[in-house]
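Numbering (full-length UniProt numbering), first residue to last: 1 to 287.
Quick look at the structure:
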């Protein structure tokens with residue numbers, strides 16, 4: 001079963017039934033709009049945007065262009081942004097005059113929302129299709145998880161946990177979509193690398209592991225990954241041969257200096273200013 005049915009196929013029947021009566025306006029076609037014509041959505045729940053990530057997006061758009069157009073609706077004074085706040089801000093940051101956009105009809109937008117909500121209530125949706133449908137509603141209508149929970153009569157926690165499954169690798173998502181892996185098993189794998197996810201998923205299926213057994217497996221794999229190999233400490237031979245210093249030791253002792261020789265150091269004990277002068281005179285005459 002292919003992923004992402006909630007993005008296209010789930011709306012197919014509705015769009016076919018209603019058709020596209022707005023042929024004159026060419027709704028949903030990608031066009032270029034002037035950035036200055038587009039007003040921000042007054043209902044945008046996000047008020048704070050990461051400036052560093054916005055700059056990264058802006059640089060990417062300058063280099064590669066905009067991959068996904070923004071979505072707007074038209075009013076008498078221009079256009080109102082529906083989806084793509086970060087993309088629009090990034091264009092402004094880059095001082096770009098135009099942006100790729102699709103204009104949607106207000107009634108069509110409401111229809112798409114109703115269609116998605118209706119499809120979310122279906123029993124035959126797998127958890128990945130459900131997650132993509134949630135994401136579609138959130139992105140198209142700029143709503144929070146809390147607002148979505150009220151629309152679809154699900155708890156906010158349930159929606160958030162389902163959306164987190166989209167962070168999994170495509171391999172793991174495919175197993176979820178094919179019902180070869182449960183959401184409980186998949187949640188345990190969140191945060192793991194794609195390689196380790198595959199190893200865990202294959203073990204779950206091959207060995208029929210329970211969620212608890214999967215948790216233990218993941219814990220074990222994490223501990224192995226976090227182990228840092230012990231560095232082999234280089235052994236230092238401290239059995240030095242002090243015989244070459246015997247003559248020096250005798251000379252210092254002749255000057256009434258206390259000299260101590262151990263296996264890893266040579267020590268001259270200083271008890272007075274006179275001792276310092278003796279050492280200075282001796283080494284000054286020999287160096």
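By construction, the Cβ of each residue, glycine as well, lies at the ideal position given by its N, Cα and C atoms.
Between which residues of its own chain and residue i is the CB-CB distance below 8 Å, once the five residues before and five after are set aside?
i: residue 199; result: 221
i: residue 276; result: 270
i: residue 146; result: 156
Would you say residue i and residue j are within 7 Å of each other, going by their C-beta atoms?
i: residue 83; j: residue 102; result: no
i: residue 251; j: residue 259; result: no
i: residue 131; j: residue 163; result: yes
i: residue 35; j: residue 99; result: yes
i: residue 57; j: residue 90; result: yes
i: residue 255; j: residue 271; result: no
i: residue 78; j: residue 37; result: yes
i: residue 152; j: residue 196; result: no
If I measure Cβ to Cβ from residue i and keep anything under 7 Å in the same chain, skipping five residues before and after, which residues do I get?
i: residue 186; result: 165, 168, 172, 176
i: residue 22; result: Its pLDDT being 44, under 50, residue 22 is placed unreliably by the model, and the measurement read from it follows with that caveat. Taken in chain order, the residues that qualify are 105.
i: residue 141; result: 113
i: residue 135; result: 163, 166
i: residue 209; result: 203, 217
i: residue 139; result: 83
Can you tell which of the options has the C-alpha that lies nearest to the C-alpha of residue i?
i: residue 183; options: 113, 279, 262, 128; result: 128
i: residue 117; options: 150, 223, 88, 204; result: 150
i: residue 170; options: 280, 194, 247, 154; result: 194
i: residue 51; options: 30, 31, 92; result: 92
i: residue 247; options: 274, 282, 214; result: 282
i: residue 30; options: 63, 68, 62; result: 68
i: residue 273; options: 262, 257, 265; result: 257
i: residue 97; options: 74, 62, 110; result: 62
Could you check how far apart the C-beta atoms of residue i and residue j are, in whole angstroms? I think they sit under 8 Å.
i: residue 148; j: residue 137; result: 6 Å
i: residue 40; j: residue 85; result: 7 Å
i: residue 192; j: residue 218; result: 7 Å
Suppose the cutoff is 6 Å on Cβ atoms and the five residues either side in sequence are ignored; what does the same chain contact list for residue i look like?
i: residue 249; result: 259
i: residue 267; result: 260
i: residue 214; result: 185, 188, 204
i: residue 87; result: 70
**Message:** With a threshold of 8 Å, are at least 3 pairs of Cβ atoms found where one atom belongs to the stretch 145 to 160 and the other to the stretch 187 to 198?
**Reply:** no
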